[in-house]
Amino acid sequence: MAGPDAASLKKHRRHSTEVHRDFAAQVPEYHRRQSISVNKQPDGVDASISLSEFWAGVAIQEESDNSLKVGVAIHDGTYSIDFAVHRISLDDKAGNGNDWIADHIISEFFAYRKEHLCKILGAGVTLDLFKKSPTLCSRLWSELDIVPFVLESNPLLPIKQAQAHKRPIAVDEIADSAARKCLTYFAPTKQPRLSINYQNQVEVDLAGMIQLTTLEQYEKSVREPTWRAVQKHIKDVKDRNLRVAFFSATPQGGGVALMRHALLRFLTQQGVNVEWFVPKPRPDVFRITKTNHNILQGAVPPDVHATDEQLGKIKDWITENAVRFWLSGDGPLNKPEDGGADVIIIDDPQMPELIPIAKREAPNRPIIFRCHIEVRDDLVLKDGSAAQHVWRNMWSSIKQADIFLSHPVRSFVPPDVRKETLGWLPATTDWLDGLNKPMDKWDLQYYFHVLRQACMSQNLPQLAYPERGYFTQVARFDPSKGIPDVIKGYARYRELHKNKPTEQTHQLVICGHSSIDDPDGSAIYDQTMDTIKEHHSDIADDIVVVRLGPSDQILNAIMSLCTVALQLSTREGFEVKVSEALHKGKPIIATLAGGIPLQVEDGKSGYLVERGDHEAVAKHLYDLVTDTDLYQKMSDYAKHHVSDEVHTVGNALSWMFLASSVAGGKSLQPNERWINDLAREAANEPYKDGEPRLPRHLST
Numbered sequence: 035m036a037g038p039d040a041a042s043l044k045k046h047r048r049h050s051t052e053v054h055r056d057f058a059a060q061v062p063e064y065h066r067r068q069s070i071s072v073n074k075q076p077d078g079v080d081a082s083i084s085l086s087e088f089w090a091g092v093a094i095q096e097e098s099d100n101s102l103k104v105g106v107a108i109h110d111g112t113y114s115i116d117f118a119v120h121r122i123s124l125d126d127k128a129g130n131g132n133d134w135i136a137d138h139i140i141s142e143f144f145a146y147r148k149e150h151l152c153k154i155l156g157a158g159v160t161l162d163l164f165k166k167s168p169t170l171c172s173r174l175w176s177e178l179d180i181v182p183f184v185l186e187s188n189p190l191l192p193i194k195q196a197q198a199h200k201r202p203i204a205v206d207e208i209a210d211s212a213a214r215k216c217l218t219y220f221a222p223t224k225q226p227r228l229s230i231n232y233q234n235q236v237e238v239d240l241a242g243m244i245q246l247t248t249l250e251q252y253e254k255s256v257r258e259p260t261w262r263a264v265q266k267h268i269k270d271v272k273d274r275n276l277r278v279a280f281f282s283a284t285p286q287g288g289g290v291a292l293m294r295h296a297l298l299r300f301l302t303q304q305g306v307n308v309e310w311f312v313p314k315p316r317p318d319v320f321r322i323t324k325t326n327h328n329i330l331q332g333a334v335p336p337d338v339h340a341t342d343e344q345l346g347k348i349k350d351w352i353t354e355n356a357v358r359f360w361l362s363g364d365g366p367l368n369k370p371e372d373g374g375a376d377v378i379i380i381d382d383p384q385m386p387e388l389i390p391i392a393k394r395e396a397p398n399r400p401i402i403f404r405c406h407i408e409v410r411d412d413l414v415l416k417d418g419s420a421a422q423h424v425w426r427n428m429w430s431s432i433k434q435a436d437i438f439l440s441h442p443v444r445s446f447v448p449p450d451v452r453k454e455t456l457g458w459l460p461a462t463t464d465w466l467d468g469l470n471k472p473m474d475k476w477d478l479q480y481y482f483h484v485l486r487q488a489c490m491s492q493n494l495p496q497l498a499y500p501e502r503g504y505f506t507q508v509a510r511f512d513p514s515k516g517i518p519d520v521i522k523g524y525a526r527y528r529e530l531h532k533n534k535p536t537e538q539t540h541q542l543v544i545c546g547h548s549s550i551d552d553p554d555g556s557a558i559y560d561q562t563m564d565t566i567k568e569h570h571s572d573i574a575d576d577i578v579v580v581r582l583g584p585s586d587q588i589l590n591a592i593m594s595l596c597t598v599a600l601q602l603s604t605r606e607g608f609e610v611k612v613s614e615a616l617h618k619g620k621p622i623i624a625t626l627a628g629g630i631p632l633q634v635e636d637g638k639s640g641y642l643v644e645r646g647d648h649e650a651v652a653k654h655l656y657d658l659v660t661d662t663d664l665y666q667k668m669s670d671y672a673k674h675h676v677s678d679e680v681h682t683v684g685n686a687l688s689w690m691f692l693a694s695s696v697a698g699g700k701s702l703q704p705n706e707r708w709i710n711d712l713a714r715e716a717a718n719e720p721y722k723d724g725e726p727r728l729p730r731h732l733s734t
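So the sequence shown is numbered by this note's numbering: it starts at 35 and just counts up by one.
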């Protein structure tokens, strides 16, 4: 997304503002030359360019002559370094949109970053400015990749001090204070801090202080029938004043957490009373729950078992958290008539022990359990197996839930689950968040420099992009993600290109985040590095294997500029990374594992291969990099055939339908149907021919 050109900036300033004080910080001539070089790059990004990292504050003051003073302050993380004050006439409607205040501020930031070769990470926006300019925050996020914080004006310290001395408050002082306040909400990782309150409730986007999106953006991100349907179910939930509570194991790091942040962001903007709670983390318990996860998937040696003592630790952990946080005061597990939640959703197979606790408190309150992992029915049916032991322990609690939700893969659901309680619900992603939003070249360049620094600090090979293309698998370092197959498939691709110079071949990037409930990451990473060193030393310099920090945008950048995406999982739940790649127009090569085949149209948007078929992976990689017409055709198809079901709005449609259908004495029996279909039909918006949706026949 390109910013305004120099001519439009000049025109906008001439017609819209009277400059009181422009930015005064001087730019070294060397930096100016670098900036010119960056802007002239025709293709790709230059990861060698380092951008200074700043924060900003923005404030307004209304003047008596029907104008506004706009103050912008810049902070380098230690001290304020620059500011500007402009006057905007309220009679002047110049600009490229209705929100001309936002037009002006956005243009100032575009100009400042180009002039000063910088990246602005966050901006404090005063509440009165947010009210006056309703699109500013969402545009800071979508156009400039700036995290916007909406700040109450009165807590800003300089204002209080000024009021105490009865002196006028300058708009640049307010902006400066907003910048410093914004900075305090960033962690040392340069990411916004998580906020967890006294009930261990996840306060998404710092309890709404961060404003990334508008409802208009969500509406434009889906097809009309989806939007009409979700609005009908949201209205019912709001009209009945229902309280909906989600529970999962962690607030950040995995797919469940990503979905919940996105879902609550959307529903909170809609005015729905929805909450999300997590337990206090315990590393020893996470080791047990991760082992159980691997046992149920068959991703561990046969001699690995969970003992009764270990399973008891999980139960004690959940009980302790329930009593301490969720059954006291206005806790969500209290009876609905005492202020507790009307609907309880256990969104994690690590927490089924919460179900009997909630049922004891309110036997008639509906509980929905969602299982997002593969539970191999062949293993749980085997007498004496480790999987059977783990499943029976879990099932003793899960069977008390009213609805059992699963990824739409029948083999994931053990026969114990009653047909009438079973519904299909896939994982989802969000097209407006940091993982998926479009980013312009300036921001892509910044994140590629971050990647370059991460590789240098870990003594890893460097990515040669844009001189060379690359393939990528973006996933956690997990035993079921098929990382050895990714490496073998790439090695075979290089053999097919053995007569080409190295610089004419593609590199490989394997990367992902970590999560606090995933202790396998380090071990799998070490195994991967050992495999490359021992068996593929000839191409080791072209394989970048890196564990990255918590920034979503760096994964977005890597996926945005790759040639082909890979997802060669051996065991999988749904893996919505597949749809994320397709949404960007990236052909994908993926395995016939779990819910992956539901997302890929073989031969149209990508290729599906058998697990371990390195030859097929290599052939498809070879074809996609050598046949330009094939690549473009597949890319175009992928971009335009992703269902609304895998986006936050489609996810909200299913959850709001479920809450509306089970709360207040109502009941619902999904009977092995897709929740999305039931929700659309209940809203009188059934699917019509030609509307993209995930294939239904593969779930049966």
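Every residue, glycine too, gets a C-beta built ideally from N, C-alpha and C.
| Between which two residues does the alpha helix (DSSP H) harbouring Leu595 extend? | The count along the sequence shown starts at 1 and reaches residue 595 at position 561. Note, Leu595: alpha helix (DSSP H), 586-595.
| query | So is Pro390 buried or exposed if we call it buried at 16+ other beta carbons inside 10 Å? | reply | Taking the sequence shown and counting its residues from 1, the one referred to as residue 390 is at position 356. Burial call: buried.
| field | From Cys545, Arg173, Ile573, residue whose alpha carbon lies closest to that of Asp735 | value | Since the displayed the chain opens at 35 and closes at 734, residue 735 lies outside it and no answer follows.
| message | Can you look up Leu249 in the DSSP assignment and give me helix, strand or coil? | response | Translated into positions along the sequence shown, residue 249 becomes position 215. Helix at Leu249.
| message | For the pair the stretch 430-446 and the stretch 399-418, tell me if three or more CB-CB distances fall below 8 Å. | response | Using a C-beta cut-off of 8 Å, the stretch 430-446 makes contact with the stretch 399-418, since at least three inter-stretch Cβ pairs fall below that distance.
| message | Starting from Asn307, trace the beta strand (DSSP E) in both directions and tell me its first and last residue. | response | Start at 1 with the first residue of the sequence shown, and residue 307 comes out as number 273. Unbroken beta strand (DSSP E) run through Asn307: 307-311.
| request: Return the chain-ordered ranges of every alpha helix (DSSP H) run that is complete within the stretch 278-325 and spans a minimum of 4 residues. | output: Every alpha helix (DSSP H) stretch that sits fully inside the stretch 278-325 and reaches 4 residues is listed by chain position as 289-303.
| Between which two residues does the alpha helix (DSSP H) containing Ala525 stretch? | The residue you call residue 525 lines up with position 491 of the sequence shown. Segment 517-530, the alpha helix (DSSP H) holding Ala525.
| request: Ignore the nearest five residues each way along the sequence and tell me which others in Asn100's own chain have a CB closer than 8 Å to its CB. | output: The residue given as residue 100 occupies position 66 in the sequence shown. Excluding sequence neighbours, Asn100 sits near Ser123, Leu124, Asp125.
| task | Quick one: give me the first and last residue of the alpha helix (DSSP H) that Arg214 is part of. | result | Along the sequence shown, one-based indexing puts residue 214 at 180. Per DSSP, Arg214 is one residue of the alpha helix (DSSP H) stretching across 205-218.
| task | For Val614, count neighbouring C-beta atoms within 10 Å of its own C-beta (all shown protein chains included) and say buried if the count is 16 or more, exposed if not. | result | What you label residue 614 is simply residue 580 of the sequence shown in a count that begins at 1. Residue 614 is actually Glu in this sequence, not Val. Using a 10 angstroms sphere on the CB of Glu614, the tally of other CB atoms reaches 16 or more, which defines it as buried.
| request: Look up Trp465 in the DSSP assignment and say whether it is helix, strand or coil. | output: Mapped onto the sequence shown, residue 465 falls at position 431. Here Trp465 sits in coil by DSSP.
| request: Along the beta strand (DSSP E) that carries Gly546, what are the first and last residues, could you check? | output: Stepping through the sequence shown from its first residue, residue 546 is reached at position 512. From DSSP, the beta strand (DSSP E) with Gly546 extends over 541-546.
| What's the C-alpha gap between Gly156 and Leu494? | Taking the sequence shown and counting its residues from 1, one reaches residue 156 at position 122. Taking the sequence shown and counting its residues from 1, one reaches residue 494 at position 460. Rounded to whole angstroms, the separation of the alpha carbons of Leu494 and Gly156 is 30 Å.
| said: Measuring only the C-alpha atoms, how far is Val598 from Val484? | reply: Numbered from its first residue, the sequence shown carries residue 598 at position 564. Numbered from its first residue, the sequence shown carries residue 484 at position 450. Cα to Cα, the separation comes out at about 22 Å.
| Does the beta-carbon distance from Leu388 to Ile379 come in below 8 Å? | Translated into positions along the sequence shown, residue 388 becomes position 354. Translated into positions along the sequence shown, residue 379 becomes position 345. Leu388 is not a Cβ neighbour of Ile379, given a cutoff of 8 Å.
| Identified DSSP bridge partners for Ala599 | Start at 1 with the first residue of the sequence shown, and residue 599 comes out as number 565. Under DSSP, the beta-bridge partners assigned to Ala599 are Thr506, Ile622.
| Is Gln422 helix, strand or coil when you go by DSSP? | Translated into positions along the sequence shown, residue 422 becomes position 388. Gln422 falls in the helix class under three-state DSSP.
| task | Can you tell me which of the three DSSP states Lys403 falls into? | result | Residue mapping note: residue 403 aligns to position 369 of the sequence shown, counting from 1. In the sequence under discussion, the amino acid at residue 403 is Phe, which differs from the Lys named in the question. Strand, per DSSP.
| task | Give the C-beta separation of Asp179 and Met490 to the nearest angstrom, bearing in mind that I take them to be a contact with Cβ-Cβ under 8 Å. | result | Against the sequence shown, residue 179 aligns to sequence position 145. Against the sequence shown, residue 490 aligns to sequence position 456. No, Asp179 and Met490 are not in contact; Cβ-Cβ is about 23 Å, not under 8 Å.
| Neighbour-count burial assignment, Ala652, 16 or more Cβ in a 10 Å radius | Here residue 652 refers to the residue found at position 618 of the sequence shown. For Ala652, the number of other beta carbons within 10 angstroms of its own is at least 16, and it is reported as buried.
| Complete runs of the beta strand (DSSP E) confined to the stretch 104-143 [at least 3 residues] | The beta strand (DSSP E) runs lying completely inside the stretch 104-143 and spanning 3 residues or more are 114-123, given in chain order.
| said: Buried or exposed for Asp364, going by 16 or more other Cβ atoms inside 10 Å? | reply: Against the sequence shown, residue 364 aligns to sequence position 330. It counts as exposed.
| query | Is the stretch 299-312 in contact with the stretch 340-352, if contact means three or more CB pairs nearer than 8 Å? | reply | By the Cβ criterion, the stretch 299-312 is not in contact with the stretch 340-352, since fewer than three pairs of Cβ atoms, one from each stretch, lie closer than 8 Å.
| His648 and Gly523: beta carbons closer than 8 Å? | Position 614 of the sequence shown holds residue 648. Position 489 of the sequence shown holds residue 523. Result yes, Cβ atoms of His648 and Gly523 sit closer than 8 Å.
| task | Starting from Phe446, follow the alpha helix (DSSP H) in both directions and report where the run begins and ends. | result | Looking up residue 446 in the sequence shown gives position 412. Segment: none, Phe446 is in no alpha helix (DSSP H) and carries neither H nor E.
| task | Taking the CB atoms as reference points, tell me whether Gly105 and Ala213 lie closer together than 8 Å. | result | Locating residue 105 in the sequence shown gives position 71, where the first residue counts as 1. Locating residue 213 in the sequence shown gives position 179, where the first residue counts as 1. 8 Å or more divides the Cβ of Gly105 from the Cβ of Ala213.
| request: Measure from the alpha carbon of Lys324 to the alpha carbon of each residue in Ala356, Phe300, Ala283, then state which is nearest. | output: Start at 1 with the first residue of the sequence shown, and residue 324 comes out as number 290. Out of Ala356, Phe300, Ala283, Ala283 has the C-alpha closest to the C-alpha of Lys324.
| So, using beta-carbon positions, are Val497 and His547 closer together than 8 Å? | In the sequence shown, residue 497 corresponds to position 463, counting from 1. In the sequence shown, residue 547 corresponds to position 513, counting from 1. Reading off the sequence shown, one finds Leu at residue 497, where the question assumed Val. No Cβ-Cβ contact shorter than 8 Å links Leu497 with His547.
| task | Tell me whether Val181 counts as near the ligand GTP, meaning its Cβ is closer than 7 Å to at least one heavy atom of that ligand. | result | As far as ligands go, the structure on display features none, and thus does not contain the ligand GTP.
| What's the gap between the Cα of Ser141 and the Cα of Leu469? | Taking the first residue of the sequence shown as position 1, residue 141 is located at position 107. Taking the first residue of the sequence shown as position 1, residue 469 is located at position 435. Ser141 and Leu469 have their C-alpha atoms roughly 25 Å apart.
| query | In chain order, what residues of the same chain lie with their CB nearer than 6 Å to the CB of Arg173, ignoring the 5 residues before and after it? | reply | Locating residue 173 in the sequence shown gives position 139, counting from the first residue. Once the five neighbours on either side are set aside, the close Cβ partners of Arg173 are Ala136, Ile140.
| message | In whole angstroms, give me the CA-to-CA distance for Thr247 and Glu501. | response | Taking the sequence shown and counting its residues from 1, the one referred to as residue 247 is at position 213. Taking the sequence shown and counting its residues from 1, the one referred to as residue 501 is at position 467. Cα to Cα, Thr247 sits roughly 35 Å from Glu501.
| said: Between the alpha carbons of Thr660 and Gly418, how many angstroms are there, rounded? | reply: Translated into the one-based positions of the sequence shown, residue 660 becomes position 626. Translated into the one-based positions of the sequence shown, residue 418 becomes position 384. So the alpha carbons of these two residues sit roughly 52 Å apart.
| query | Which term fits Pro397, buried or exposed, when burial requires 16 or more other beta carbons within 10 angstroms of its beta carbon? | reply | If you number the sequence shown from 1, residue 397 lands on position 363. The residue in question, Pro397, is exposed, as its Cβ has fewer than 16 Cβ neighbours within 10 Å.
| said: Whether or not the stretch 569-583 and the stretch 606-623 are in contact is what I'm after, with contact meaning three or more pairs of Cβ atoms, one per stretch, closer than 8 Å; do they touch? | reply: The answer is no - the stretch 569-583 does not touch the stretch 606-623, with fewer than three Cβ pairs under 8 Å.
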